[in-house]
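Peer 1:
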Amino acid sequence: DGGITQSPKYLFRKEGQNVTLSCEQNLNHDAMYWYRQDPGQGLRLIYYSQIVNDFQKGDIAEGYSVSREKKESFPLTVTSAQKNPTAFYLCASRSVAGGHSYEQYFGPGTRLTVT
Amino acid sequence: GESVGLHLPTLSVQEGDNSIINCAYSNSASDYFIWYKQESGKGPQFIIDIRSNMDKRQGQRVTVLLNKTVKHLSLQIAATQPGDSAVYFCAENIGYGGATNKLIFGTGTLLAVQP
Numbered sequence: 001d002g003g004i005t006q007s008p009k010y011l012f013r014k015e016g017q018n019v020t021l022s023c024e025q026n027l028n029h030d031a032m033y034w035y036r037q038d039p040g041q042g043l044r045l046i047y048y049s050q051i052v053n054d055f056q057k058g059d060i061a062e063g064y065s066v067s068r069e070k071k072e073s074f075p076l077t078v079t080s081a082q083k084n085p086t087a088f089y090l091c092a093s094r095s096v097a098g099g100h101s102y103e104q105y106f107g108p109g110t111r112l113t114v115t
Numbered sequence: 001g002e003s004v005g006l007h008l009p010t011l012s013v014q015e016g017d018n019s020i021i022n023c024a025y026s027n028s029a030s031d032y033f034i035w036y037k038q039e040s041g042k043g044p045q046f047i048i049d050i051r052s053n054m055d056k057r058q059g060q061r062v063t064v065l066l067n068k069t070v071k072h073l074s075l076q077i078a079a080t081q082p083g084d085s086a087v088y089f090c091a092e093n094i095g096y097g098g099a100t101n102k103l104i105f106g107t108g109t110l111l112a113v114q115p
């Protein structure tokens, strides 16, 4: 099965701890994205990567970090500097080959709760 | 106090009726639009897309209409079923040249289908 996997589905952490969320895709997509979703709100872009070893800040990057060492993987670290880390985190990927749509394929999400 | 954004716009319809979900987008230079469906606790799923050089596109039971004059997008669902109950997001693509494109998401509309 091709797709995007995120793990774990639920994650609990104590305030002050860093936590890393996993995102893996086997769609051979070049671009990958991390979004944050709060209750009753749309998706806000945290970071995105168009190619391996390169990534850019999105609209709400403060308190987060990413890496893109492999095409298939784009882990997100929520650091202790993120003031309101409790949220639903979504990873997505997209093919950037010519002629494709701009559709992003989403993973199932990770719900992070920090207390 | 109550946080802004906790209450999504809600459309309540009877099973078998047609549903129309509306979306206003922000950027007149947006060249591509997508509708996503998100069920509770899951990642968004692609429904249908439309390019800015089109006014209408039809899929299975769904139709998207684009009015560039007033920057308005709508999703029509025919013969709405209980399985259509979800939050629906529109997204506009803003291109920055080359492979760099970003989707900007609306806040979503909750579709509640009454049996």
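Residue numbers (this note's numbering), protein chains in the order written: chain A, 1 to 115; chain B, 1 to 115. For every residue, glycine included, the Cβ atom is placed at its ideal position computed from N, Cα and C.
(1) Express the C-alpha separation of residue 105 of chain A and residue 29 of chain A in angstroms, rounding to a whole number.
(2) Counting only the same chain and skipping the five closest in sequence on each side, list residues whose C-beta sits under 7 Å from that of residue 51 of chain A.
(3) Check the Cβ-Cβ distances between residue 106 of chain B and every residue of chain A, and say whether any is below 8 Å.
(4) Mark residue 1 of chain B as exposed unless 16 or more other C-beta atoms lie within 10 angstroms of its C-beta, in which case mark it buried.
(5) Taking DSSP as the reference, what is the three-state secondary structure of residue 49 of chain B?
(6) Return no unless some Cβ of chain C is closer than 8 Å to the Cβ of residue 93 of chain B.
(7) Considering only DSSP beta bridges, list what residue 110 of chain A is partnered with.
(8) Can you confirm whether the segment 56-74 of chain B touches the segment 27-35 of chain B when touching is taken to mean that 3 or more C-beta pairs between the two stretches lie within less than 8 Å?
(9) Starting from the C-beta of residue 24 of chain A, find all residues in its chain whose C-beta is less than 6 Å away, skip the five residues before and the five after it, and write them out in chain order.
(10) In three-state DSSP terms, what is residue 84 of chain B?
(11) Below 8 Å, can you find three or more Cβ-Cβ pairs linking the segment 80-91 of chain A to the segment 60-70 of chain A?
(12) With respect to the beta strand (DSSP E) encompassing residue 24 of chain A, which residues constitute its N-terminal and C-terminal limits?
(13) For residue 103 of chain B, decide whether its Cβ has a neighbour in chain A, counting only Cβ atoms nearer than 8 Å.
Peer 2: Checking against the coordinates, here is how it stands:
(1) Distance between the alpha carbons of residue 29 of chain A and residue 105 of chain A: 10 Å.
(2) In chain order, 30 place their CB closer than 7 Å to the CB of residue 51 of chain A, counting only its own chain and leaving out the 5 sequence neighbours on each side.
(3) Using a Cβ-Cβ cut-off of 8 Å, residue 106 of chain B counts as an interface residue toward chain A, since at least one Cβ of chain A sits closer than that to its own.
(4) Here the model assigns residue 1 of chain B a pLDDT of 36, short of 50, so the residue's position is not dependable, and the following value carries that caveat. Flag for residue 1 of chain B reads exposed.
(5) In this structure, residue 49 of chain B counts as strand in the three-state DSSP scheme.
(6) No chain C is part of this structure, whose protein chains are labelled A and B.
(7) The partner list for residue 110 of chain A (beta bridge, DSSP) reads A:89.
(8) At 8 Å Cβ cutoff, the stretches touch.
(9) Excluding sequence neighbours, residue 24 of chain A sits near 5, 72, 73.
(10) In the structure shown, residue 84 of chain B sits in a helix (DSSP, three-state: H, G or I).
(11) When C-beta atoms of the segment 80-91 of chain A are compared with those of the segment 60-70 of chain A, three or more pairs fall below 8 Å, so the two segments count as touching.
(12) Note, residue 24 of chain A: beta strand (DSSP E), 19-25.
(13) Residue 103 of chain B counts as touching chain A.
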